[in-house]
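In what follows, a structure is listed as structure tokens, so that the remarks can point back to it.
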Amino acid sequence: MKNPWWWIPTLYFAEGIPYFIVNNISVLMMTRLGVPNETMALYTSLLYLPWVIKPFWSPFVDIFKTKRWWIVVMEAVMTVAFVGLTLSIPSVASDTIAAKSTSVSLFTATLVLFWLTAFASATHDIAADGFYMLALDRKQQTFFVGIRSTFYRLSSIFGQGVLVMVAGLLEERTGNIPGAWRTTILLTAVLFALITLYHTFMAPRPESDRPRGARGKDIVRDFVAAFATFFKKPNLAAALSFMLLYRFAEALMLKLVGPFFLDSNQAGGLGLSTATVGFVNGTVGVAALVVGGILGGMAASRWSLRKCLWPMAAALILPCFVYVWMSAALPSNLWAISACVAVEQFGYGFGFQAYMLYLMRFSEGEFKTSHYAICTGFMALSMMIPGLFAGYIWKWVGGYNPFFWLVMACGLVTFAVTLLVRRTVVE
0 MKNPWWWIPT LYFAEGIPYF IVNNISVLMM TRLGVPNETM ALYTSLLYLP
50 WVIKPFWSPF VDIFKTKRWW IVVMEAVMTV AFVGLTLSIP SVASDTIAAK
100 STSVSLFTAT LVLFWLTAFA SATHDIAADG FYMLALDRKQ QTFFVGIRST
150 FYRLSSIFGQ GVLVMVAGLL EERTGNIPGA WRTTILLTAV LFALITLYHT
200 FMAPRPESDR PRGARGKDIV RDFVAAFATF FKKPNLAAAL SFMLLYRFAE
250 ALMLKLVGPF FLDSNQAGGL GLSTATVGFV NGTVGVAALV VGGILGGMAA
300 SRWSLRKCLW PMAAALILPC FVYVWMSAAL PSNLWAISAC VAVEQFGYGF
350 GFQAYMLYLM RFSEGEFKTS HYAICTGFMA LSMMIPGLFA GYIWKWVGGY
400 NPFFWLVMAC GLVTFAVTLL VRRTVVE
């Protein structure tokens, strides 16, 4: 059996990159290519759907082939999809980009390939997590859980930071915005081709990693039973309200943060370059997010989830006020902007721990793994639905500043569902 150090870091680095490309880079790329905010937010939010419905096809990853096979094949599919993306990104005239009047119909092939990447990425997630449990004993699983999380976070820095900065630098040097993004995605395709080749030879072949076709009927039966028991859990209405609405304000805001950074002062934005957005969001923001998450986990461990629910809900919502201030003051100082992003992302990282811990608590029982997968589907849905309408709401209220004030008002929803579930949390 190969040493886990040879494949766990690369596996979880590969798990994160396509997620951030589909859900973050797509937003920035379409914004830079002049797609109006309302249509950009709608179509990029639909890309969350594969992660929403992921629990429905997870049994088939068990029934057909091995987890190792699914990992390598999905990585190969994503490599091909990335190559296709480089060919599908349309050439858009600079005056159309400046007017933000690019038709989303030009991105039909691009969006289809993003969808293909999303489905392959969600399937890769299922296989990778199953493979992790099959290839390692319990002691190794405990030891490497921090390692896998670290490399997933590194993929976040790479996907939201490094790749965006590369695209920004290419934009500045060539003056060709579509070409800059094509080159950036092509570099990702080359990287994924190398990762696929590496895992083809270096991923272990554990004896327990076998297709379970002979037990397919049992798996489907258990799958149906898992869903049936999930919807019979006590306090289900409060739990679903919390899963879908705890991050409502954040989900609204998230879709417009990238355009806010990139749009000119005349349009109500900060007028930052693409490379600067990559630095602020992908490095400063991610670092603050990680620190907030670590401290949130430590706080809940020491004082219990019940005691931390209110402080975490406040940490999730109140720091969003930095966007109200930035959209009013339109600061140009990079240090001030970075500090604001760090404050908001730290709060999000701290407050998000309440959400994740509640999902784990609610999933406990006979079908713990399946119930947690269903919860993560609702988690993705909670981000998708607000994002569908965020751009239209932004247009309706008339700009970034009133939009961010509305986000703050929507924080009341977070406090309401926190009050609802706190009564059901024992400790």
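Take the sequence shown: its position 376, counted from the start at 1, is 375 in numbering that gives the first Met the number 0, and no numbers get skipped.
Don't be surprised by glycine CBs; every beta carbon is placed ideally from N, CA and C.
Neighbourhood of GLY33 by C-beta distance below 8 angstroms, restricted to the same chain and skipping five residues each side: VAL91, THR95, ILE96, ALA97, ALA98, LYS99, SER100 and THR101
Answer yes or no: do ALA237 and LEU356 have a C-beta to C-beta separation smaller than 8 angstroms? no
Can you tell which of PRO318, LEU162 and SER369 has the C-alpha that lies nearest to the C-alpha of GLY348? PRO318
Under DSSP, the alpha helix (DSSP H) around CYS374 begins and ends at which residues? 367 to 396
Just to confirm the assignment, what range does the alpha helix (DSSP H) spanning VAL103 have? Run containing VAL103: none; DSSP gives neither H nor E here.
Anyone know if the C-beta pair for PRO8 and PHE130 falls short of 8 angstroms? no
Do the CB positions of GLY160 and GLY346 come within less than 8 angstroms of each other? no
Going by Cα to Cα distance, which pick from TRP5, LYS64 and ILE70 is closest to PRO210? LYS64
Which whole-angstrom value is the C-beta distance of ALA127 and LEU10, which I expect to be below 8 angstroms? 6 angstroms
Are the Cβ atoms of THR116 and ALA80 separated by less than 8 angstroms? yes
Nearest to THR30 (by Cα), restricted to the options MET201, PHE402, ALA121 and PHE260: PHE260
Compare the C-alpha of TYR371 against each of PHE55, GLY291 and PRO385 and name the closest. PHE55
Candidates LYS1, GLY83, PHE191 and SER331: closest to GLN139 by CA position: LYS1
Give the straight-line distance between the Cα atoms of VAL76 and GLN265, rounded to the nearest whole angstrom. 42 angstroms
Inter-stretch contact (C-beta, 8 angstroms, three-pair minimum) for the region 273 to 287 and the region 398 to 415: no
Would you kindly report the start and end of the unbroken alpha helix (DSSP H) that includes ARG421? 399 to 421
Taking all protein chains shown into account, do 16 or more other C-beta atoms lie within 10 angstroms of the C-beta of ARG181, making it buried, or fewer, making it exposed? buried
Go through its chain and collect everything with a Cβ distance to SER263's Cβ below 6 angstroms, but skip five positions before and after it. GLY270
Could you confirm whether any beta carbon from chain B is found closer than 8 angstroms to the beta carbon of LYS254? The chain inventory of the structure shown lacks chain B, comprising one protein chain alone.
C-alpha distance - GLY15 paired with LEU46, whole-angstrom precision: 15 angstroms
Between which two residues does the alpha helix (DSSP H) holding ALA286 run? 285 to 302
Boundaries of the alpha helix (DSSP H) in which ILE52 is found, first to last residue: That residue, ILE52, is in no alpha helix (DSSP H); it is neither H nor E in DSSP.
Can you tell me where the alpha helix (DSSP H) with GLN159 in it begins and where it stops? Where GLN159 is concerned, there is no enclosing alpha helix (DSSP H), given that its DSSP letter is neither H nor E.
Looking only at its own chain, which residues have a Cβ that is under 8 angstroms from the Cβ of PRO177, when we skip the five neighbours before and after it? LEU32, ILE88, PRO89, SER90 and VAL91
Is it the case that the Cβ atoms of VAL21 and ARG152 are separated by a distance below 8 angstroms? no
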